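Student: So the sequence shown is numbered by this note's numbering: it starts at -7 and just counts up by one.
The structure is given below, and queries will be raised subsequently.
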Amino acid sequence: MMRKLVSAFCAGFFLLVVPLSAGNSQAVLTPKLADLSGIVKDANWALVLGKAFFFDQQVGSDGQSCYSCHFSAGADPRLNNVLTPGFLKEPEEDTSFGAIDNFDGEPLPNAPIGTTKSGGFPIDATYRLKADDFPIYELSDYKDRNSPIVIATDDAVSSPGSFDATFFKTRRIFGVKDWCGKPNNDIFHAGKYAARQVEPRNTPTTVNAVFSLFQFWDGRAHRKFNGVGVFGPRDIAGDPQKRLIVLDGAGKPQLGYLDLDDASLASQAVGPPLSEKEMSCEGRTFADVGRKMLLRRPLALQKIHPQDSVFGKPGPFGDLRLRFLTGRGLRVGFTYSDLIQKAFHEKYWKSNGRFIITEGGQLKAGGKHGYTQMEHNFSMFWGIAIMIYESKLVSDKSRFDDCNPALVAGVPVCQNVSDALTPGELDGFRLFTLFGPNTGGRPGPACSACHPLPLSAESQFQAGTSLVMVERSRMNDRGPGTPAVIEGAVHDRGFFNIGVSPSSFDPGNGGTDIYGNPLSIARIFLAEQLGLPVNDTSGVTDPCNTPTLIELGGTPVYPGCDTDVNDTTDSVDPSFDWNEEREMVAGSFKTPTLRNVGLTPPYFHNGAYGTLRQVVEFYSRGGSRRDKSLIDPSYTGDTSGTGLLGKEGFPVPAPDFGTNVDRFVQPLDLTDDEIDHLTAFMLTLTDRRVQCDQAPFDHPSLLVMIRAKPTDANRDGRADDVLFELPEIGASGYDPNSGFCVHNKGDLFEPGMQARSGGLRVPLAE
């Protein structure tokens, strides 16, 4: 059969021992881009439009832009108003903050209920995180995952967004904030006033996101953009109102949609503007956003640097800035409607009528209550334009790239000595790529198993590579206390459960979309094999002959398949019961890139760890999953498990809980020096352009929300924001002495990390 028998881990290792580039003047990363022919007529104007969309604070119901949560190396290091409770907990959410007294069934009788690790109480939007609050889950012995728990929580550290209010009406042309109802203050508040809500997961970086096949931690932003929503073909099958209005050859409006592959960035981009926790009051539609924005001057409230790489003199159309009056935004004569007409083909915007799309999926004249074609299709313009801008945010010029390291006779060396790594950093590279035994018979860390270089994330793909969506990995047992059993388990490629928290705290890729379908493509694959109806595809046409990646050591093949690469005739034994196929899906999350990881604390999907060293300590002990036998000696498995086949719902029935943690997450018993060296190596993956916002990472000014005050000056029921204006910067980036470059220490509390939100400014040490 034609199955690819090279393991994911061997393949990742192979990439590391050959030259990664011809030298530090060449980019080593090339994204696979969507084919926009017939949709975009001028890519440069679409780039202008996309960058304006991404940064414009006129978009959100409460003055939020995309950049509001991605203003520091594409991520968010703020400390105030960033805690969020366990909204995603199963089988029901937890809306209270602070320490909990039950860890997935394990009683914690001495838990300081409702406080942070440092003793912070009460927890509301005025609370500022302290270094002593991390990690938010702590053990009495950080080297032993089963040692007594000091403190645990199902909270996450994330980003503040919108107030919890109902959308009434948008403002056209004037005024930033939408008309929304009185906000709720039952969960997020500063004193007695409503505060901004906080998203349920930590904010991932936008840098290098273009390489990901799916977006968001749980993978819900589909690789195929439909023009109207996040979920690709699932939206089209599930909601007949989710359609575009497209003019046919005779100029007559018809309903349609896109099926645009390699476009997960566009699918992701249309999520936050309607999210009531991120950028919107509840109930706002994209047509409402279009109505608000189309006649506005782009970035009208924000300063633009004369050397901005898109809007300024170096840009494709020269200086587009307003240079008199307020000196903010693009010059008079440009509206968002103008930019859309310059960037997109006429069939998507030229009609002058007003329309409605009925619940049954019919296009009708809308009269005064209808929306124009351009307003209806605003989601498509938004998603594609932002995708074009974000596809430029490629980071591939780090010290690692300059060194271009390789293993020569087992010794790590720099192939390009222009910027050689230190001995400790090179030893960290050795450990990062070590799959065989470490000294003393300890397991090798094998970090590049899930973070294969140069991209450093198995969830990411370059142009010209095979886009494998389903992986079958080898599992050596069914959890602690169960007999050893070597078997395969399917999961989404690049999505892993590593035991950061119990799967019941957040099912991640094991969750469902808004139509009740599994987010996991691996679960779609299993449904296909069982002959069940699906509204998506796994891409696995034949489990024996479709190229898949198999882990080191060899995943057992399906009955009826063999390992003969020349045999293309074999197929799965028809007697095989697909209900018995094991899955490793619940509690899994997308593997993040490690490029620029030193700039983007806190870490993991819940922001649980404040320093990169704490992350390495987490891996050294084999993660944070806990044996269920700690609750009852008769129980088997651990807190990641959802039954012996991984398919049970929540709460998982006793006594056999199983495990969903990948077998390479195991106790490593790293020494302090090895932890230091691994940490130091990961810091070499930082790109100075990202650190100091050099092009293509330059940007307009931004009003950053620092914290909420327990006051309400305008009596609108909303706690007053304390704001800081982050200065605009051009293509050359911030001066290292300005204090606005991000410090590459992998530490949320490194002096200077809060400079971009009004904190202490510390020059970079050269």
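Quick reminder that beta carbons are idealized off the backbone N, C-alpha and C, glycines included.
None of these values were measured; they are calculated from a predicted model.
Can you list, in chain order, the residues of its chain with a C-beta nearer than 8 Å to that of R753? Leave out the 5 residues immediately preceding and following it.
Tutor: Residue 753 sits at position 761 when you count from the first residue of the sequence shown. Answer for R753: S730, G731, F732, G744, A747, listed in chain order.
Student: Give the straight-line distance between the Cα atoms of G173 and Y726, rounded to the nearest whole angstrom.
Tutor: Here residue 173 refers to the residue found at position 181 of the sequence shown. Here residue 726 refers to the residue found at position 734 of the sequence shown. If you take the alpha carbons of G173 and Y726, they lie about 40 Å apart.
Student: Which residue or residues does DSSP assign as beta-bridge partners of N72?
Tutor: What you label residue 72 is simply residue 80 of the sequence shown in a count that begins at 1. Per DSSP, R120.
Student: Terminal residues of the continuous beta strand (DSSP E) containing K234?
Tutor: As a first step, residue 234 must be located in the sequence shown, where it is residue number 242. Note, K234: premise wrong, no beta strand (DSSP E); not H, not E.
Student: Going along the chain, which unbroken runs of the alpha helix (DSSP H) with 4 or more residues stay wholly within the stretch 448 to 528?
Tutor: Fully enclosed alpha helix (DSSP H) runs of 4 or longer: 513 to 521.
Student: Rounded to the nearest angstrom, what separates E742 and T592 at their Cα positions?
Tutor: Taking the sequence shown and counting its residues from 1, the one referred to as residue 742 is at position 750. Taking the sequence shown and counting its residues from 1, the one referred to as residue 592 is at position 600. Cα-Cα distance, rounded: 12 Å.
Student: Would you mind listing the beta strand (DSSP E) stretches within the stretch 328 to 396 that are 3+ residues and don't spill past its ends, in chain order?
Tutor: Listed in chain order, the complete beta strand (DSSP E) runs (minimum 3 residues) inside the stretch 328 to 396 are 346 to 349, 355 to 357.
Student: In or out: Y507 buried (at least 16 other Cβ within 10 Å) or exposed?
Tutor: Position 515 of the sequence shown holds residue 507. When all chains shown are included, Y507 counts as exposed.
Student: For the candidate residues L236, V202, P264, whose alpha-carbon lies nearest to that of Y59?
Tutor: Position 67 of the sequence shown, counted from the first residue, corresponds to residue 59. Looking at the Cα atoms, P264 is the closest of the given residues.
Student: According to DSSP, is K161 part of a helix, a strand, or is it coil?
Tutor: Within the sequence shown, numbered from 1, the residue matching residue 161 stands at position 169. K161: strand per DSSP, three-state reduction.
Student: For the structure I just gave you, are there three or more beta carbon pairs, one from the stretch 561 to 572 and one from the stretch 694 to 709, closer than 8 Å?
Tutor: No, because fewer than three Cβ pairs between the stretch 561 to 572 and the stretch 694 to 709 fall closer than 8 Å, the two stretches do not touch.
Student: Quick one: what's got a C-beta closer than 6 Å to H62's C-beta in the same chain, skipping five residues either side?
Tutor: For the purposes of this step, residue 62 is identified with residue 70 of the sequence shown, where counting begins at 1. T198, listed in sequence order.
Student: List the endpoints of the continuous alpha helix (DSSP H) containing V421.
Tutor: Start at 1 with the first residue of the sequence shown, and residue 421 comes out as number 429. Just to set this straight, residue 421 is Phe in the shown sequence, not Val. Counting along the chain, the alpha helix (DSSP H) containing F421 begins and ends at 415 to 424.
Student: Which residues in the same chain as R120 place their Cβ atom closer than 8 Å to its Cβ, once the five residues preceding and following it in sequence are excluded?
Tutor: The residue you call residue 120 lines up with position 128 of the sequence shown. Cβ within range, chain order: L71, N72, R699.
Student: Determine the extent of the beta strand (DSSP E) in which K701 is found, giving its start and end residues.
Tutor: Reading the sequence shown from its first residue, position 709 is the one you call residue 701. Run containing K701: 694 to 701, per the beta strand (DSSP E) assignment.
Student: Distance check for G319 and I490, CA to CA, integer angstroms please.
Tutor: To locate residue 490, count along the sequence shown from 1; it is residue 498. To locate residue 319, count along the sequence shown from 1; it is residue 327. The straight-line gap from Cα to Cα measures roughly 50 Å.
Student: Please say whether G473 and T628 have beta carbons closer to each other than 8 Å?
Tutor: Within the sequence shown, numbered from 1, the residue matching residue 628 stands at position 636. Within the sequence shown, numbered from 1, the residue matching residue 473 stands at position 481. Cβ distance < 8 Å, so T628 and G473 count as in contact.
Student: Counting beta carbon pairs with one atom in the stretch 162 to 182 and one in the stretch 50 to 59, are three or more of them shorter than 8 Å?
Tutor: Touching, yes, given that three or more Cβ pairs across the two stretches are closer than 8 Å.
Student: Taking the alpha helix (DSSP H) that L247 falls in, what are its first and last residues?
Tutor: Here residue 247 refers to the residue found at position 255 when the sequence shown is read from its first residue. Element bounds for L247: not the alpha helix (DSSP H) but the beta strand (DSSP E), 245 to 248.
Student: Please name the residue in Y601, P625, K339, G614 whose C-alpha comes closest to that of M366.
Tutor: For the purposes of this step, residue 366 is taken as the residue at position 374 of the sequence shown. Minimum Cα distance to M366 is reached at K339.
Student: By DSSP, does H669 sit in helix, in strand, or in coil?
Tutor: On the sequence shown, residue 669 is found 677 positions in, with the first residue counted as 1. Helix, per DSSP.
Student: Quick one: Cα of G15 to Cα of L740, how far?
Tutor: Position 23 of the sequence shown, counted from the start, is the residue given in the question as residue 15. Position 748 of the sequence shown, counted from the start, is the residue given in the question as residue 740. Bear in mind that a pLDDT of 36 at G15, under 50, signals an unreliable position, so the number given afterwards is only what the model happens to contain. Approximately 33 Å, taken between the alpha carbons.
Student: Please go through the same chain and pick out, in chain order, the residues whose beta-carbon is closer than 7 Å to the beta-carbon of S749, but skip the five residues on each side of it.
Tutor: One-based indexing of the sequence shown puts residue 749 at position 757. Around S749: R70, V696, I698, F716.
Student: At a cut of 8 Å, does the stretch 204 to 221 reach the stretch 286 to 300 through at least three beta carbon pairs?
Tutor: Because the criterion of three Cβ pairs below 8 Å is not met, the stretch 204 to 221 and the stretch 286 to 300 do not touch.
Student: Considering Cα atoms alone, identify which of L257, F517, G650, Q49 is closest to S371.
Tutor: Position 379 of the sequence shown, counted from the start, is the residue given in the question as residue 371. Selected option, being the one with the closest Cα: L257.
Student: At the level of alpha carbons, what is the spacing between R587 and M674?
Tutor: Translated into positions along the sequence shown, residue 587 becomes position 595. Translated into positions along the sequence shown, residue 674 becomes position 682. Each residue's alpha carbon lies about 8 Å from the other.
Student: State the beta-bridge partners of R753 as determined by DSSP.
Tutor: Here residue 753 is taken as the residue at index 761 of the sequence shown, counted from 1. R753 pairs with nothing; no bridge assigned.
Student: Measure the C-alpha to C-alpha separation of A187 and A35 and round it to an integer number of angstroms.
Tutor: On the sequence shown, residue 187 is found 195 positions in, with the first residue counted as 1. On the sequence shown, residue 35 is found 43 positions in, with the first residue counted as 1. About 39 Å.
Student: Straight-line CA distance for G738 to P584?
Tutor: If you number the sequence shown from 1, residue 738 lands on position 746. If you number the sequence shown from 1, residue 584 lands on position 592. Whole-angstrom Cα-Cα distance: 15 Å.
Student: Check whether the stretch 130 to 143 touches the stretch 611 to 627, taking contact to mean three or more Cβ pairs, one atom from each stretch, closer than 8 Å.
Tutor: Yes, the stretch 130 to 143 is in contact with the stretch 611 to 627.
Student: Roughly how many whole angstroms lie between the Cα atoms of C395 and C442?
Tutor: One-based indexing of the sequence shown puts residue 395 at position 403. One-based indexing of the sequence shown puts residue 442 at position 450. Looking at the two C-alpha atoms, the distance is approximately 22 Å.
Student: Using a Cβ distance threshold of 8 Å, determine whether the stretch 238 to 249 contacts the stretch 342 to 353, with at least three qualifying pairs required.
Tutor: In short, these stretches touch, since the Cβ pair count reaches three.
Student: Along the chain, where does the beta strand (DSSP E) that runs through D713 open and close?
Tutor: Translated into the one-based positions of the sequence shown, residue 713 becomes position 721. Note, D713: beta strand (DSSP E), 712 to 718.
Student: Once the 5 residues before and after T22 are set aside, which same chain residues still bring their CB inside 8 Å of it?
Tutor: Position 30 of the sequence shown holds residue 22. Only Q454, A455, G456 meet the Cβ criterion.
Student: Look at the alpha carbon of P494 and the alpha carbon of S632, and state the distance between them as a whole number of angstroms.
Tutor: Taking the sequence shown and counting its residues from 1, the one referred to as residue 494 is at position 502. Taking the sequence shown and counting its residues from 1, the one referred to as residue 632 is at position 640. If you take the alpha carbons of P494 and S632, they lie about 5 Å apart.
Student: Are the beta-carbon atoms of G224 and V262 separated by less than 8 Å?
Tutor: Your numbering for residue 224 matches position 232 in the sequence shown. Your numbering for residue 262 matches position 270 in the sequence shown. It is not a contact, given that the beta carbons lie outside the stated cut-off.
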